[in-house]
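Chemist: Here it is, the structure in full.
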Amino acid sequence: NPIAGAEAIYKIANDLGIKGMKIAAVTGDDIISNIGNYKDIIVWETGEKLEALEGEIVSANAYIGVEGIIKALELGADVVITGRVSDPAIFMAPIIYEFGWSLDDYDLLGKGTLIGHLLECAGQATGGYYAEPTKKDVEGLARLGFPIAEVSEDGTFIITKVEGSGGEVTRHTLTEQLLYEIHDPANYYTPDVVADFSKVEFKEIEKDKVLVTGATGKEKTDTYKVSIGYKDCFIGEGEISYGGPGCYERALLALDIVKERLKIRNIEVDEIKYDIIGANSLYWNSDKQPTNYEEVRIRVAARCKDKATAAKIGEEVETLYTNGPAGGGGATKKVSEIISVASILVPKEDINIEVHMLEVR
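Numbering (the numbering used here), first residue to last: 701 to 1061.
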């Protein structure tokens, strides 16, 4: 709710006596009131029409681009609040505004998109997500510096960080961030440009300073991606730990008990997963048989159509405290309502982007 966000900031600024502060709210991304117009559009995740989607739709937001942010800056905004917007646009819009780049100069927009892409996940570009002990050691992660882009008008730029902060900026950390969430590096689709990162080069010019060149772009598409949130299911889950000699075998027995209990109670679920955390929780079909474990923790989670059924999953795990194998402890249970996401494309001409201004007087 960008307008409510802007109003909250206005109140804070007014209470602090920050006179003349201008706050902008960019709207237009929220299209839930019109979602019925797109019932025949194909959903990416299912390959079926939107009207076939099961579950109540609770949100529908288009990934808009730089247009609204630039307009807000032109109106003198000191703070800009947006709804759903593409990650690179947050960084690229001020650059376009500052240098006066044309929104049809796709070469420059491709470079600007790369700037945003390298900055958007903060410490990922400065060694945070990159770090791996003994293989890729990074110092100072507890005081990790975030990346900074020093941008020239021609679109060349240097990535660095605050001197003395933790982490590092190298061609290796930036290469990993470059590939983050990228399918085809030559065709990275955004609302503003189809960026081409296939010829990007990183050159370390000083410690924690990397020159970035080679990005370009092609003409943008005539559609926006829309993320639709809908009520999908309830997930019920329960966990309990076992420690000491034979803990793995006791964990297996505990899972067998839960499986049998669910059959006895005729509890119907859409999908269920039985994990021994540390052995197979990340890899669904793992056949690994660990030995000499000092402690393990089981997790049972199931997708259910209703909350009452989902609650029964955790209840059965919790009863293992006294009714299951020896030495169980630390049992937890919870039920979560799941809002899943469906994706469609809608014509850009259908989206009305507006800027709302507030000024503290």
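Note that the Cβ used here is the ideal one computed from N, Cα and C, for glycine as well.
List the residues that DSSP assigns as beta-bridge partners of Phe-902.
Modeler: Checking the DSSP bridge columns, you'll see Phe-902 partnered with Val-912.
Chemist: Name the two residues that bound the continuous alpha helix (DSSP H) containing Asn-1023.
Modeler: Judged by DSSP secondary structure, Asn-1023 falls within the alpha helix (DSSP H) whose first and last residues are 1020-1023.
Chemist: One question on the structure: do Ile-731 and Ala-762 come within less than 8 Å of each other, judged by their Cβ atoms?
Modeler: Closer than 8 Å, so yes.
Chemist: If I'm right that Val-726 touches Ile-1053 with Cβ under 8 Å, what's the distance once you round it to whole angstroms?
Modeler: 7 Å
Chemist: With DSSP as the reference, label Asp-837 as helix, strand or coil.
Modeler: coil
Chemist: Can the beta-carbon of Leu-955 be found closer than 8 Å to that of Pro-1025?
Modeler: no
Chemist: Ends of the alpha helix (DSSP H) at Phe-799?
Modeler: 787-799
Chemist: Which residues share a DSSP beta bridge with Gly-827?
Modeler: Answer by DSSP bridge pairing: none, since Gly-827 is not bridged.
Chemist: Tell me, please, which residues DSSP counts as bridged to Ser-1040.
Modeler: Tyr-930
Chemist: By how many angstroms is the C-alpha of Trp-744 removed from the C-alpha of Asp-892?
Modeler: Computed Cα separation, rounded: 21 Å.
Chemist: Since Gln-877 contacts Ala-842 with CB under 8 Å, what's their CB separation in whole angstroms?
Modeler: Between Ala-842 and Gln-877 the Cβ distance is about 20 Å, and since that is not below 8 Å, they are no contact.
Chemist: Could you tell me whether the Cβ atoms of Gly-1014 and Val-996 are closer together than 8 Å?
Modeler: It is not a contact, given that the beta carbons lie outside the stated cut-off.
Chemist: Which word fits Thr-683, buried or exposed, when buried means at least 16 other C-beta atoms lie within 10 angstroms of its C-beta?
Modeler: The structure shown has nothing for residue 683, since the chain only spans 701 to 1061.
Chemist: Determine the direct distance from the alpha carbon of Val-894 to that of Val-862, and round the result to whole angstroms.
Modeler: 31 Å
Chemist: Just checking, does the stretch 930-939 make contact with the stretch 1035-1048 on the three C-beta pairs under 8 Å criterion?
Modeler: Under the three-pair Cβ rule at 8 Å, the stretch 930-939 counts as touching the stretch 1035-1048.
Chemist: Less than 8 Å between the C-beta atoms of Phe-791 and Leu-753, yes or no?
Modeler: no
Chemist: The alpha helix (DSSP H) with Asn-734 in it runs from where to where?
Modeler: Note, Asn-734: premise wrong, no alpha helix (DSSP H); not H, not E.
Chemist: Looking at Tyr-942 and Thr-873, is the spacing between their C-beta atoms short of 8 Å?
Modeler: no
Chemist: Taking all protein chains shown into account, decide if Leu-1058 is buried (16 or more other Cβ within 10 angstroms of its Cβ) or exposed.
Modeler: Buried, because 16 or more other Cβ atoms sit within 10 Å of the Cβ of Leu-1058.
Chemist: Which residues share a DSSP beta bridge with Leu-939?
Modeler: Before going further, note that residue 939 is Glu rather than Leu in the sequence given. Listed as beta-bridge partners of Glu-939 by DSSP are Arg-999 and Thr-1032.
Chemist: Take Pro-788 as the anchor and find which of Tyr-888, Ala-1008 and Glu-853 has the nearest alpha-carbon.
Modeler: Tyr-888
Chemist: If you count every other CB in all the chains shown that lies within 10 Å of the CB of Ser-802, and 16 or more means buried, which is it?
Modeler: exposed
Chemist: Quick check on the DSSP output: the beta strand (DSSP E) that includes Glu-1059 runs from which residue to which?
Modeler: 1054-1059
Chemist: Report, in whole angstroms, the separation of the C-beta atoms of Thr-1009 and Val-969, which I expect to be a contact under 8 Å.
Modeler: 7 Å
Chemist: Using a threshold of 8 Å, state whether the C-beta atoms of Val-766 and Ala-724 are closer than that.
Modeler: No, they are not a contact pair.
Chemist: Judging by CA-CA distance, which residue of Asp-932, Asp-922, Gly-736 and Ala-760 is the nearest neighbour of Ile-1039?
Modeler: Of all alpha-carbon atoms in Asp-932, Asp-922, Gly-736 and Ala-760, the one lying nearest the alpha-carbon of Ile-1039 is that of Asp-932.
Chemist: Looking only at C-alpha atoms, which of Leu-844, Tyr-993 and Ala-849 sits nearest to Glu-949?
Modeler: Tyr-993
Chemist: Sorted by chain position, which residues of the same chain lie with C-beta nearer than 6 Å to Ile-1065's C-beta, five sequence neighbours on each side aside?
Modeler: Residue coverage of the chain in this structure runs from 701 to 1061, which leaves residue 1065 outside it and unanswerable.
Chemist: Just curious, the alpha helix (DSSP H) that Thr-813 is in, first and last residue?
Modeler: 806-819
Chemist: Given a cut-off of 8 Å, decide if Lys-918 and Tyr-806 are closer than it, judged by their beta-carbon atoms.
Modeler: yes
Chemist: What do you get for Pro-1047, buried or exposed, if any count of 16 or more other CB atoms within 10 angstroms of its CB means buried?
Modeler: exposed
Chemist: Taking the CB atoms as reference points, tell me whether Ala-915 and Leu-982 lie closer together than 8 Å.
Modeler: no
Chemist: Assign Ala-777 to buried or exposed, taking buried as 16 or more other Cβ atoms, counted over all protein chains shown, within 10 Å of its Cβ.
Modeler: Buried.
Chemist: If you measure between the beta carbons of Ser-927 and Val-785, is that distance less than 8 Å?
Modeler: For Ser-927 and Val-785, no; Cβs fall outside 8 Å.
Chemist: Exposed or buried, what is Ile-964 when buried is set at 16 or more other beta-carbons lying within 10 Å of its beta-carbon?
Modeler: exposed
Chemist: Between the Cα of Lys-722 and the Cα atoms of Lys-711, Asp-729 and Gly-728, which residue gives the shortest distance?
Modeler: Lys-711
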